[in-house]
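Notes for the one structure printed next.
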Amino acid sequence: MKYYIMFVLAILANMANSHEFTPTYPELKHSYVDGVMITQMRLFNKRADVEFYEISVFDGEWNRIPFASENRIIKVEYLKTKFFDIYIRESDMKRAEYICTQSKLKKEDVQSTGISSRICSRIK
Numbered sequence: 062m063k064y065y066i067m068f069v070l071a072i073l074a075n076m077a078n079s080h081e082f083t084p085t086y087p088e089l090k091h092s093y094v095d096g097v098m099i100t101q102m103r104l105f106n107k108r109a110d111v112e113f114y115e116i117s118v119f120d121g122e123w124n125r126i127p128f129a130s131e132n133r134i135i136k137v138e139y140l141k142t143k144f145f146d147i148y149i150r151e152s153d154m155k156r157a158e159y160i161c162t163q164s165k166l167k168k169e170d171v172q173s174t175g176i177s178s179r180i181c182s183r184i185k
């Protein structure tokens with residue numbers, strides 16, 4: 062019986078798909094614009110059912126922080142990687158604590174089992 066349970070848990074663990082978001086602890090550096098900090102992030106899509114991801118920046122109490130990026134919602138094909146820059150004002154740097162990506166499901170693709178995933182990196 063215990064081998065059966067271990068087998069089922071191993072199968073379920075392999076079925077959990079998400080996306081990768083690195084670096085885990087990004088460092089903000091001065092950009093070419095005065096008063097603006099920058100960091101580069103990497104997003105790898107491991108979900109065949111998701112192509113779009115929303116980028117957000119939060120403080121320690123999960124309030125949104127204003128930021129700039131090429132796009133707020135980015136398209137990443139299945140098993141592809143996308144690099145993008147996040148720009149945060151130097152005045153907001155002390156409040157900014159998390160950079161997050163959340164998968165966005167298309168309305169026509171959402172099923173009763175559709176799950177959105179969110180991964181956050183904590184700013185150093």
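The working numbering puts the first residue of the sequence shown at 62, with every later residue one more than the last. Ideal Cβ positions, reconstructed from N, Cα and C, are used throughout, including at glycine. Note that this is a predicted model, so its numbers are computed, not measured.
Which of the three DSSP states is assigned to SER130 in this structure?
SER130 falls in the coil class under three-state DSSP.
Can you have a look at LEU140 and say buried or exposed, based on whether 16 or more other CB atoms are within 10 angstroms of its CB?
Residue burial annotation: LEU140 is exposed, with fewer than 16 other C-beta atoms found within 10 angstroms of its C-beta.
Suppose contacts are defined by Cβ-Cβ distances below 9 Å. Is HIS91 in contact with SER164 by that definition?
Cβ atoms of HIS91 and SER164: not closer than 9 Å.
Please identify the residue among GLN101, GLU158 and GLU151 whose C-alpha is closest to the C-alpha of ASN124.
Considering only GLN101, GLU158 and GLU151, the residue with the shortest C-alpha distance to ASN124 is GLU158.
Cα-Cα separation between LYS136 and VAL111, rounded to whole angstroms:
Going by the C-alpha atoms only, they are around 9 Å apart.
Completely contained beta strand (DSSP E) runs for the stretch 99 to 154, where each covers 3 or more residues
Uninterrupted beta strand (DSSP E) stretches at least 3 residues long and entirely within the stretch 99 to 154 occur at 113 to 119, 134 to 136 and 142 to 150, given in chain order.
I'd like to know whether the C-beta atoms of ILE116 and ARG133 end up nearer to each other than 9 Å.
Annotated as proximal: ILE116 and ARG133, with beta-carbon spacing under 9 Å.
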